[in-house]
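Visitor: Here it is, the structure in full.
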Amino acid sequence: TQPATSYKRVLLKISGEALCKSGSFGIDSDELKIIANEIVKAAKVGAQLGIVVGGGNIIRGATLAQEGAIQQATADQMGMLGTVMNGLALKEMLEKLGQPARVLSAINLSAVAETFIRGRAIRHLEKGRVVIFVAGTGNPFFTTDSAASLRAAEIGADVLLKATKVDGIYDKDPVKYPDATRYKHLTFSQAIDQDLKVMDLTAFDMCRKRNIPIIVFNMKQTDHIANVVAGKDHGTKVTV
Ligand code: UDP
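Heads up, the sequence shown is in this note's numbering, so the first residue is 2 and it goes up one at a time.
This is the structure:
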């Protein structure tokens, strides 16, 4: 029997570092398998699942641009192409595990992936395919967090799930301060007032305006993605 989900359609944001060993770069096959397996479990819960995958494990445009050789608009294009590589890897692994998946790219790369068209994305979702959105927003100077909020709005997601390495949003950095406490629930205004960095401001503002709740949770724990998709209380939920 499958657990009942309270969500019909979900947008999951996974940062690139989910695909490599902690503190490392590139794509690690073992980490890829682990995260793909968690996603398959989440897809089985029954909600339609769209994923925006980041690219920080390959190139971060701003960091590369800081070195001075490559201007940011170009470095960001390179960063977006990094997310395409991650998406291809994830799709392949999902399908290996028996979960149908499609890659939709914000940048036209017709020999490699379908180009993002909103109606097509929704059609894939309705057919039970996991849709992996790559190449961010297709524009430099944005992040994949912004892309996640944009796609969440476009596909009419009930919730944006931000998978991170920590259990949610804390009053202070839990890595530095052992007495840090986790918020279970926050409003968008509380998060702004307390300067809690949930997502970048573009993403945050989009979700607030469109009334899309954000759940920040730990992706590294077994079954967490599936549990969050199932509507069980996990991490920190930010609502209007
Ligand atoms: N990027 C971009 N526009 C977008 C999304 C991403 O230019 O709409 C570039 C940007 O250079 C960014 C890189 O792609 O640094 C990788 O994305 P991000 O840093 O958001 O990945 P994550 O931190 O989630 O792994």
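The beta-carbon is built from N, C-alpha and C at its ideal position, and this holds for glycine as well.
Source: prediction; values computed, not measured.
Using CA atoms only, rank isn't needed, just tell me which of A112, A122, R183, V176 is closest to A153.
Guide: Ranking A112, A122, R183, V176 by Cα distance to A153 puts A122 first.
Visitor: How should I118 be labelled, buried or exposed, when 16 other C-beta atoms within 10 angstroms of its C-beta is the threshold for buried?
Guide: Exposed, by the Cβ-count rule.
Visitor: By the three-class DSSP mapping on this structure, what secondary structure does A102 have?
Guide: Looking at A102 - three-state DSSP - the assignment turns out to be strand.
Visitor: Which two residues bound the contiguous beta strand (DSSP E) that contains K45?
Guide: No beta strand (DSSP E) holds K45; the alpha helix (DSSP H) holding it covers 30-45.
Visitor: Can you find a heavy atom of the ligand UDP that lies under 7 Å from the Cβ of A90?
Guide: No - the ligand UDP has no heavy atom lying nearer than 7 Å to the Cβ of A90.
Visitor: What are the partner residues of H239, as DSSP defines its beta bridges?
Guide: Note on residue identity: the sequence assigns Val, not His, to residue 239. L187, I215.
Visitor: Does K163 come out as helix, strand or coil in the three-state DSSP assignment?
Guide: Correct three-state label for K163: strand.
Visitor: Flag this pair as touching only if the region 224-233 and the region 44-60 have three or more C-beta atom pairs under 8 Å; answer yes or no.
Guide: Verdict: yes, contact present.
Visitor: Less than 8 Å between C-beta atoms, sequence neighbours within five positions excluded: which residues of the same chain meet that for C21?
Guide: The answer, listed in chain order, is G27, I28, D29, E32, N58.
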